[in-house]
Amino acid sequence: MTPTVVTLGATSPEVVACGADMFADAVAGQAVDVERVDWRPPMPGTEADLAAVATDPRRPEANRRAVEAMLGVTAHLVDVAPASEVLGLERGQFLHAGPPIAWEQASGPLRGALMGGAALEGLVDDPEDAVALFESGSSVSLEPCHHRSAVGPMAGVVTPSMWMWVLEDRATGRRTYCSLNEGLGKVLRYGAYNDEVLTRLRWMGDVLGPLLQAAVRGTAEASDITGILTQMLQMGDEAHNRNRAGTLMLVRDLSPAMVTSGFDAKDVADALRFVGGNDHFFLNLAMPACKLALDAGRDVPGSTMVVAMARNGTEFGIQVSGTGDQWFTGPAQVAEGLFLGDYGPDDANPDIGDSAITETAGIGGFAMATAPAIVRLVGGTVPDALATTRRMHEITLAENPRWSVPVLEFQGTPTGIDVTKVCRTGILPQINTGMAGAVAGVGQVGAGLVTPPAEIFPQALAALADAARAARA
Amino acid sequence: MKDHVELRSGAYADSVTLLQVSRAVQAAPGVVAAQVAMATGLNLEVLAGMGFDVPASSPNDMVVALRLDDDADVATALAAVDAALVPARPASGASEVAPPRTTGSALRRTGPDAVALVSVPGASATVEAMDAVEAGRDVMVFSDNVPVEEEVALKTYAASRGALVMGPDCGTAVIDGVGLGFANTTRPGRIGIVAASGTGCQQLLVLLHHAGAGIDGVGVRHALGVGGRDLSAAVGGLSTREALRRLDSDPDVDLVVVVSKPPAPEVAEALAKDAEALGTPVELGLLGRGQRDLTTVAEAVLARLGHEAPQWPVAGEDNTGAATGPLLRGLFVGGTLCDESMLMATEVLGPVRSNIPLSDDLGLDSTEPGDLLTDTHTMIDFGDDALTQGRAHPMIDPTLRNEQLARAAADPQTGVILLDLVLGHGAEPDPAAMLAPAIREARSARPVPVIVSLVGTDLDPQGLDAQRDALVAAGAEVHLSNAAATRRALQLLEGARA
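In structure tokens form, the structure reads like this:
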């Protein structure tokens, strides 16, 4: 591929011009095709770090390796089991979404979900009593889901008795986990904790979890979740805010074994009705599938690929392949979008949840173009959706050949967010999200679009630049 | 008179575009002065110098500074600003494919042989150039002010990928007859040039074009700029080696010429060895004390190809008159032309002070144009990094040089003024229109002889004849050969001293 002579293109001469228009004009004036770069200055103060990272000799190969590792993963559904068993979670231990946080800094929805979780585990009789428990800090601990190979939607609270999806990368045996989706409205993950919420969670623990376990264990061919994602994207789901096709495909895979599981027919019917009636049910499989892929791209020295984006309702954090487990955090933003009922922007909590792992892997907001049915739900138009997906290609390292978008000529979704490209272009990752009420106990108030706080990308870039300089010295 | 100053955060346009915008707005009714610029340190100084009061800003802000007649309407003037800015920013609907935002993204949309041309500010140039090298493409980096360690890293990586990095600070390249950056239009031929010097390359292009009229093969097929620092000890000729390899393997190149500002001695030595090992003959034109000037190198190239050198053209000898003082002042936009003249002048006149001095003790503080006039022989390169920080190259923005021309002409010590004017793609559409009045004005104050090297061809978009005629009409003597121009200036000074 190395040119031996100098040429401007074998058939028609071509120049990519980045910078002064005058030079592009001069080239175009000589009957040469010119592709003009719409260059703008990078995020303020990032020039030196960008150059240090750009010239890090490890970077190109490191990013290639990280991307290849990520794209090489296929997630299979191998089990459903309680968090106490698969995560070793003990009484009093709580997982939550996003980067690490203490009760004192926790937002309303996270507090609400923790209070409900404490009641579910029997640590308190009344969720309201849990406030004192968490304030005291004794006999309870908080830890990010991400630190235990798990992801949690919205508040992401996981307690020992909750049942978890177990996904596995067959090639390496690595596993990731996510709780079962509770449906919409008053639900724990949005910070609601009333009796209705707790009753549903108990049914999920007593009936749904064991039944799904039996179904998964009783299905000869484990569901290929990555493959289902491929089909979903062709069927109008972007797999973050719309999972309708994915949910139905999962039901198709699991229902025969559910029916023959020996469980009470009414329980089976209730479970099928619950799953089939909840368009978001598959989200809790899309998320760990994305995490499984991204985890494979972790810890490649020199790689500038983002491997996690997550929010705890107070802070938005990212982790980057080349900087290990370090979180780069900034204040979480409030989404812009549409509100349920008479809720408004003042009712919404700042962005929360591990579900931005879908965007990190190249679906969700990054695959908006494939899901015209929901663009208005998240406050956009169809042309906006196409533009969003195209724009995300400007900040990503690769296209996922498996996840393609029919309306964009089957172009693969933009995959592998590159910290340097975000800093260079100022284009922030686009996230489709639900909005939780700011007050504990309220639940969902809307859905919309949000981006990370811009400053976390220069922070991550600075750490990458330091690492590059250290590697060179 | 009233001032209107506003900051526009998040707006960006390159310095060339903004210069054109400023010029357009200055012509609007009621506008006394206008400066639209990014808020870089240098631009803020310029604005302060003009008496504008600019609020606190970052270099990413655009400053719109207007001085208006008392009865002029601010809104009308701002409308003129907006109108002038519009062509630089074509509006794009959401449904259209958005333009690429990085060089890497643009390269994904082009064929495998597309070449990248990077001219963003120096602090961001390496990042864009790395995109090209990473994609295995050749790149020309016009930008200057790129740190040398970034240049070394970029070129070391390029060497491992077999990609050619032209630059940074590469003003000129010609590939398959297509000019990139500042390049003259020349008739195609079978000569390849490797140039660690933009204007040196342009000088060779125009001399060989002139000499090759009507002769088959005497013309330039490729001219590969490698950047002014490529033959320094730090960079060690990394791009020169790749460029030589490319030209050597091109069956349509019969002879290679290497042209450079004074190189590091050990790098020059290694280069001579590399050149000997090639199948294609190489003519080395490395400037330095005791070395040949570029015109002599062009003549040697012609001799190798079996042709005699022509008489290099000159016009306006009748204008010149005698030297008006003891000192030579060279005011150049081309760094290599400045170097060449300095080397020639030093042999005759002794030490010449400069912002790009031949030795450190002859250096001039190069950031303050007003301090560049000394009571010694001086040669200034207005294209030097320190004088282009935050503003356009003097081939586009002649303000600093024209100011200095007036100052030098007014100094009774000045005997002869030596100038260059470079034509070709990328240069102003009518540069003589800005230089000729400055020469006329200078000479009307004092009849100082003004000798100009006019580096251009009859195929250049500006039209060589018209440019030359304008300069001659303004009272200059005009040469095609910078060496000949320099010799003429020295001859006039000798006459004055005799």
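Protein chains in written order, with this note's numbering: chain P, 6 to 478; chain G, -14 to 483.
Glycine included, each C-beta is placed from N, C-alpha and C at the ideal position.
Quick caveat: nothing in here was measured; it's all calculated off a predicted structure.
Under the DSSP assignment, Gly214/P falls in the alpha helix (DSSP H) whose first and last residues are Gly214 to Arg222. Judged by DSSP secondary structure, Pro388/P falls outside any beta strand (DSSP E) and instead within the alpha helix (DSSP H) spanning Val387 to Met397. Considering only beta carbons, the part of the segment 94 to 105 of chain G lying closer than 7 Å to chain P consists of Arg94, Thr95, Gly96, Asp98, Ala99, Val100, Ala101, Leu102, Val103, Ser104 and Val105, in chain order. For Thr12/P, no beta strand (DSSP E) encloses it, and the DSSP letter there is neither H nor E.
Distance from the CA of Ile436/G to the CA of Ala198/G, rounded to the nearest whole angstrom, comes to 25 Å. Secondary structure of Arg473/G (DSSP, three-state): helix.
Boundaries of the alpha helix (DSSP H) around Thr425/P: Val424 to Thr430. Residue contact check for Pro105/P against chain G: no CB pair falls below 9 Å. Contact between the segment 455 to 473 of chain G and the segment 400 to 407 of chain G is present: 3 or more CB-CB pairs across the two stretches fall below 8 Å. Excluding five sequence positions before and after Val282/G, the CB atoms of its chain that fall closer than 6 Å to its own CB belong to Gly270, given in chain order. In this structure, the alpha-carbon of Pro342/G lies about 33 Å from that of Asp26/P.
Counting only residues of its own chain and dropping the five nearest sequence neighbours on each side, Pro40/G has a CB closer than 8 Å to the CB of Val(-10) and Leu(-8). Legend: CB atoms of the segment -11 to 0 of chain G lying less than 7 Å from CB atoms of chain P belong to residues Tyr(-3) and Asp(-1). As far as DSSP is concerned, Phe139/P takes part in no beta bridge. At a cut-off of 9 Å between beta carbons, Val112/G contacts chain P.
Taking the CA atoms as reference points, Gln98/P sits about 13 Å from Ala135/P. Setting aside the 5 residues that flank it on each side, Ala257/G is surrounded in the same chain by Leu269, each with a C-beta closer than 8 Å to its C-beta; the list follows chain order. Only exposed fits Thr177/P, as fewer than 16 other CB atoms lie within 10 angstroms of its CB. When secondary structure is reduced to three states using DSSP, Tyr182/P falls in the strand class. Around Asp161/G, the beta-carbon contacts reaching into chain P at under 8 Å are Val11, Thr12, Leu13 and Pro18. The contact set of Thr87/G on chain P, defined by CB atoms closer than 7 Å, consists of Val42, Glu399, Lys426, Arg429 and Thr430 in chain order. Contacts between Thr2/G and chain P, judged by CB atoms closer than 9 Å, involve Ala25, Asp26 and Met27 in chain order. Interface annotation, Ala138/G: in contact with chain P, CB-CB separation under 9 Å. Excluding residues up to 5 positions away in sequence, Leu272 and Gly273 lie with their Cβ nearer than 6 Å to the Cβ of Pro247/G in the same chain. Per DSSP, Thr399/G is one residue of the beta strand (DSSP E) stretching across Thr399 to Val407.
Under the 8 Å Cβ criterion, the segment 444 to 462 of chain P counts as touching the segment 344 to 360 of chain P, having at least three qualifying pairs. Residue-level contact by beta carbon holds for Arg45/P and chain G, with a gap shorter than 9 Å. Residue environment analysis places Phe415/P among the exposed positions, since fewer than 16 neighbouring C-beta atoms fall within 10 angstroms of its C-beta. For Met48/P, same chain residues with a beta-carbon under 6 Å away, outside a window of 5 residues either side, are Cys428, Gly431 and Pro463 in chain order. DSSP, reduced to helix, strand and coil, places Lys296/P within a helical segment of the structure shown. Within chain P, Val42, His398 and Glu399 have C-beta atoms less than 8 Å from the C-beta of Ser90/G, given in sequence order.
Counting the other CB atoms within 10 Å of its CB gives Met(-14)/G a total below 16, which places it among the exposed residues. Contact between the segment 279 to 293 of chain P and the segment 239 to 249 of chain P is present, with at least three C-beta pairs closer than 8 Å. Under the Cβ criterion of 9 Å, Phe367/G is not counted among the residues facing chain P. For the pair Arg222/P and Ala123/P, the Cα-to-Cα distance works out to about 30 Å. By a beta-carbon distance limit of 8 Å, Gln398/G contacts Gly310/G. Their separation comes to about 5 Å.
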